[in-house]
Amino acid sequence: MILYAVGVNHRTAPVELREQLHLSADEIAAALDVLRRDGLREASIVSTCNRTELFAIPDNEDIGGQQLIDALKRLRPSAKLEDRHFFRLFTCGAVRHLYRVASAIDSQVLGDMQILGQVKDAYEVAVDRGAAGNVLNHLYMGAFRTGKRVRTETSIGIGAVSISFAAVELARRIFSDLHRKKVLLIGAGETGELAARHLISKGVEDITLTNRTHEKAVALAGALHARVVPFESFPAMLHEVDIVISATAAPDTVVKYDMVQQAMRHRQNRTMLLIDIAVPRDIDPAIDRLPGVFLKDVDSLQSIVDQNVEKRRSEIPRAEIIITEEVVNFFLWFNALEATPTIQQLREKFEQIRALELEKFKNKIGESDFERVELLTKRIINKLLHPTMVSLKEPVTDSAVLSTRLQVLRELFDLDSSDDGGHTHRQAS
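Quick note, this note's numbering runs 373 ahead of the 1-based positions in the sequence shown.
This is the structure:
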């Protein structure tokens with residue numbers, strides 16, 4: 374019984390190829406049905422913007438990594454994916470990979486714990502389709518536990534690692550409570566929108582939006598539940614806002630020194646934060662000299678990002694220790710699966726011998742005496758088997774040790790090895 378992991382991710386394929394293999398939840402459900410009909414005992418698919426990965430246990434030895442890669446490629450016949458764009462791992466490597474994914478160690482953005490929720494979604498689809506059996510259930514429970522431990526026991530998910538989120542982190546440093554703060558967003562581009570969405574997630578409710586193209590401002594304002602002011606009118610309302618985020622494509626500055634100077638007079642120098650995430654800059658650098666004004670540009674935000682990325686990287690060794698502990702825990706359980714069919718066969722053989730020998734005395738003693746002898750012989754068998762059962766069920770970190778024990782036992786008691794495979798398949802299903 375081998376657990377495989379195959380797929381594409383941000384380490385193996387560029388985004389234009391990854392997106393060709395991306396699967397929705399409904400497509401994953403349909404794919405799992407097909408894969409199981411084609412010989413997979415258990416299967417699950419994790420598909421995000423950065424990865425589409427199949428975790429599977431084949432029903433027979435004829436299905437290996439290459440066959441699983443071919444199966445994924447058949448899901449998107451028109452995609453220009455080649456074998457070199459896929460990774461393939463098995464057993465220990467496959468388990469460690471999923472646990473690193475769930476811990477955000479393998480994410481394109483290190484420490485992005487959003488992936489843990491996406492892994493949970495993948496598992497739920499597999500459960501709904503009946504594609505997750507005994508092994509995948511244990512595998513994913515371990516992945517969830519690993520992701521949670523890494524998140525709570527390390528600082529790998531702490532700190533902004535994007536310019537947009539760094540702007541929000543900066544705002545929270547200056548204004549401890551963002552709930553009552555008013556924001557002006559100048560520009561309707563993606564970077565400014567992301568910053569505004571991050572602010573909303575942190576409690577900001579009052580956002581005003583302006584843009585040279587009024588129609589773009591109106592469209593974005595609907596998504597942000599924001600007000601819109603004409604571009605030429607924003608200087609007149611600067612004194613009303615606490616935070617200004619500017620991200621236009623203008624060739625020259627759009628927020629001038631005298632605009633902010635006048636606004637600060639109206640505000641009686643109450644703190645104002647201006648965040649310039651445009652290149653070239655939107656906000657006159659001289660504004661930073663005004664009392665009560667904090668002005669930050671892309672370079673200062675990038676400095677925050679770099680510091681946070683370095684902090685996250687320093688947490689990787691601690692996260693890897695947790696991952697290793699959980700991988701070992703999984704294999705302590707997984708290796709024990711190999712012992713179950715042998716234990717069952719050994720017990721059946723002892724019981725068969727006991728029953729045959731006891732049958733010889735059935736007509737030689739009374740019924741009540743026979744029942745007592747039968748009970749006695751069952752107890753003797755149980756006591757004889759108990760040390761062996763305990764030994765086989767003891768956790769082992771090396772599967773070779775367990776395999777050797779089982780092989781010796783099977784030879785000593787002449788257990789039919791052909792039955793072992795069948796029992797193993799049934800137990801692991």
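All C-beta atoms in this analysis are idealised placements derived from N, C-alpha and C, irrespective of residue type, glycine included.
The structure displayed is predicted, hence computed values, not measured ones.
* Under a three-way DSSP split, which group does V617 fall into? -> Locating residue 617 in the sequence shown gives position 244, counting from the first residue. Correct three-state label for V617: strand.
*asked:* Measuring only the C-alpha atoms, how far is D792 from P690?
replied: Locating residue 792 in the sequence shown gives position 419, where the first residue counts as 1. Locating residue 690 in the sequence shown gives position 317, where the first residue counts as 1. Only weak support exists for where D792 lies, its pLDDT of 44 falling under 50; the value from the coordinates is given anyway. Spanning the two alpha carbons is a distance of roughly 44 angstroms.
(message) In this structure, how does DSSP classify T425 when only helix, strand and coil are distinguished?
(response) Taking the sequence shown and counting its residues from 1, one reaches residue 425 at position 52. Strand at T425.
Kindly give me the distance between the Cβ atoms of G530 and K684, rounded to whole angstroms, as I take these residues to be in contact under 8 angstroms.
-> Position 157 of the sequence shown, counting from 1, holds the residue named residue 530. Position 311 of the sequence shown, counting from 1, holds the residue named residue 684. Contact doesn't hold; Cβ gap of about 11 angstroms is too wide.
_Considering only the alpha carbon of each residue, which of P624, A623, D625 and T644 lies closest to V366?_
Residue 366 cannot be examined here, being either before or after the span of the chain that is shown, 374 to 802.
DSSP beta-bridge partners for K669?
What you label residue 669 is simply residue 296 of the sequence shown in a count that begins at 1. Partner(s): I648.
**Prompt:** Where do the N-terminal and C-terminal ends of the alpha helix (DSSP H) with R625 fall, by residue?
**Reply:** The sequence position of residue 625 within the sequence shown is 252, counting from 1. The identity of residue 625 in the sequence shown is Asp, whereas the question assumes Arg. Here D625 belongs to no alpha helix (DSSP H), and DSSP marks it neither H nor E.
Do you know offhand how far S764's Cα is from N736's? Taking the first residue of the sequence shown as 1, we reach residue 764 at position 391. Taking the first residue of the sequence shown as 1, we reach residue 736 at position 363. Computed Cα separation, rounded: 38 angstroms.
#### Entry: DSSP three-state assignment for R384, whether helix, strand or coil
Start at 1 with the first residue of the sequence shown, and residue 384 comes out as number 11. R384: coil per DSSP, three-state reduction.
Coil, strand or helix - R654 by DSSP: In the sequence shown, residue 654 corresponds to position 281, counting from 1. Three-state DSSP puts R654 in coil, outside helix and strand.
Original post:
Of all the options L390, V541, D435 and L376, which has the alpha carbon lying nearest to the alpha carbon of N352?
Top reply: Coverage of the chain is limited to positions 374 through 802, which leaves residue 352 absent and any answer about it impossible.
*In chain order, what residues of the same chain lie with their CB nearer than 6 angstroms to the CB of L448, ignoring the 5 residues before and after it?*
On the sequence shown, residue 448 is found 75 positions in, with the first residue counted as 1. Correct list, in chain order: A404.
Option in A569, L582, L413 and T581 with minimal Cα separation from D509 | To locate residue 509, count along the sequence shown from 1; it is residue 136. For clarity, residue 509 is Leu in the given sequence; the question names Asp instead. Comparing Cα positions, the closest option is L413.
Check whether the stretch 557-568 touches the stretch 645-659, taking contact to mean three or more Cβ pairs, one atom from each stretch, closer than 8 angstroms. yes
What number of angstroms, rounded off, separates the C-alpha of R654 from the C-alpha of G466?
Numbered from 1 along the sequence shown, position 281 holds the residue referred to as residue 654. Numbered from 1 along the sequence shown, position 93 holds the residue referred to as residue 466. Cα atoms of R654 and G466: separation of roughly 47 angstroms, rounded to the nearest angstrom.
For this session: Classify L558 as helix, strand or coil using the three-state DSSP reduction.
Result: Residue numbering aside, residue 558 sits at position 185 when the sequence shown is read from its first letter. Note: L558 maps to strand in three-state DSSP.
- F538, enclosing beta strand (DSSP E) - first and last residue: Residue mapping note: residue 538 aligns to position 165 of the sequence shown, counting from 1. Premise fails: F538 lies in the alpha helix (DSSP H), I536 to I547, not in any beta strand (DSSP E).
Which residue wins for smallest C-alpha separation from R570, given the options Q481, I618, V614 and L427?
Residue 570 sits at position 197 when you count from the first residue of the sequence shown. Selected option, being the one with the closest Cα: I618.
Item checked: For A378 and L454, believed in contact at Cβ under 8 angstroms, the rounded distance -> On the sequence shown, residue 454 is found 81 positions in, with the first residue counted as 1. On the sequence shown, residue 378 is found 5 positions in, with the first residue counted as 1. In fact, because the Cβ distance is near 17 angstroms, the residues do not count as touching under 8 angstroms.
**Prompt:** Counting pairs of beta carbons, one from the stretch 412-428 and one from the stretch 472-489, are three or more of them closer than 8 angstroms?
**Reply:** Verdict: yes, contact present.
Counting pairs of beta carbons, one from the stretch 588-601 and one from the stretch 613-631, are three or more of them closer than 8 angstroms?
no
(message) To the nearest angstrom, how far is the alpha carbon of A429 from that of F723?
(response) One-based indexing of the sequence shown puts residue 429 at position 56. One-based indexing of the sequence shown puts residue 723 at position 350. Looking at the two C-alpha atoms, the distance is approximately 36 angstroms.
task = With DSSP collapsed to three states, give me the class of L663.
result = Here residue 663 refers to the residue found at position 290 of the sequence shown. L663 falls in the coil class under three-state DSSP.
Report task. Please work out which residues of its chain come closer than 8 angstroms, Cβ to Cβ, to M514, disregarding the five sequence neighbours upstream and downstream, and give them in chain order. Result -> One-based indexing of the sequence shown puts residue 514 at position 141. Excluding residues within five positions, none has a Cβ falling inside 8 angstroms.
Determine the burial state of K804: buried for a count of at least 16 other Cβ atoms within 10 Å of its Cβ, exposed for fewer. For residue 804 there is no data in the structure shown, the boundaries of the chain being 374 and 802.
So, is T715 buried or exposed, given that buried needs 16 or more other C-beta atoms within 10 angstroms?
The count along the sequence shown starts at 1 and reaches residue 715 at position 342. So T715 counts as buried.
### Task
Would you kindly report the start and end of the unbroken alpha helix (DSSP H) that includes L489?
The residue labelled residue 489 in the question sits at position 116 within the sequence shown. Note, L489: alpha helix (DSSP H), Q487 to D501.
Requested in this report: Using alpha carbons as the reference points, say which of S606, D411, E605 and R640 lies closest to D615.
Outcome: By 1-based counting over the sequence shown, the position of residue 615 is 242. Ranking S606, D411, E605 and R640 by Cα distance to D615 puts R640 first.
*If we call anything under 8 angstroms between Cβ atoms a contact, is L408 one with A452?*
As a first step, residue 408 must be located in the sequence shown, where it is residue number 35. As a first step, residue 452 must be located in the sequence shown, where it is residue number 79. It is not a contact, given that the beta carbons lie outside the stated cut-off.
- Item | Cβ neighbour criterion (16 or more within 10 Å) applied to L748 | Residue numbering aside, residue 748 sits at position 375 when the sequence shown is read from its first letter. By the neighbour-count rule (16 or more Cβ atoms within 10 Å), L748 is not buried but exposed.
**Item:** Whole-angstrom distance between V534 and A540, CA atom to CA atom
**Value:** Looking up residue 540 in the sequence shown gives position 167. Looking up residue 534 in the sequence shown gives position 161. Roughly 10 angstroms separates the two Cα atoms.
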